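Presented below is the structure to which this report refers.
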Amino acid sequence: MRRGQPMEELDEVIRLLAEGEELPEKYRDHALVGNWLGHRECHIRPDWLLIYAVNNRTLVLTLARTGTHSDLL
Numbered sequence: 113m114r115r116g117q118p119m120e121e122l123d124e125v126i127r128l129l130a131e132g133e134e135l136p137e138k139y140r141d142h143a144l145v146g147n148w149l150g151h152r153e154c155h156i157r158p159d160w161l162l163i164y165a166v167n168n169r170t171l172v173l174t175l176a177r178t179g180t181h182s183d184l185l
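For the sequence shown, our numbering gives the first residue as 113, with consecutive numbering after it.
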């Protein structure tokens, strides 16, 4: 657990991404812009975010950061 957050929820998101599955609507997955162009963000919980990038050519999943809105943006 990080900051009292259940790691199982993060593990589930990572599993879905690693298997190339589309994240369910509840994660509010979306593309980022500006300094994070080329990355995506999903909401594991309302104020627990994961910033990540997927490179389909080499099947590499890059987990960039996780934290609250104020931690990340």
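Even glycine gets a Cβ: it sits at the ideal position worked out from N, Cα and C.
For clarity, every value in this text was computed on a predicted model and none was experimentally measured.
Cβ pair L135, L128 closer than 7 Å: At the C-beta level, L135 and L128 come within 7 Å of one another.
Determine the contact status of H155 and R140, defining contact as a CB-CB distance below 7 Å. Yes.
Alpha carbon to alpha carbon, how far is W148 from H181? The straight-line gap from Cα to Cα measures roughly 14 Å.
Mind reading off the beta-carbon distance from L144 to E133? Whole number of angstroms is fine, and I expect it under 8 Å. The Cβ separation is near 20 Å, so there is no contact.
Three-way DSSP call (helix, strand, coil) for N167 in this model: Three-state result, N167: strand.
Taking all protein chains shown into account, do 16 or more other C-beta atoms lie within 10 angstroms of the C-beta of V125, making it buried, or fewer, making it exposed? V125 is buried by the Cβ-count criterion.
What do you reckon, are the CB atoms on H151 and A165 nearer than 7 Å? The Cβ atoms of H151 and A165 lie closer than 7 Å to each other.
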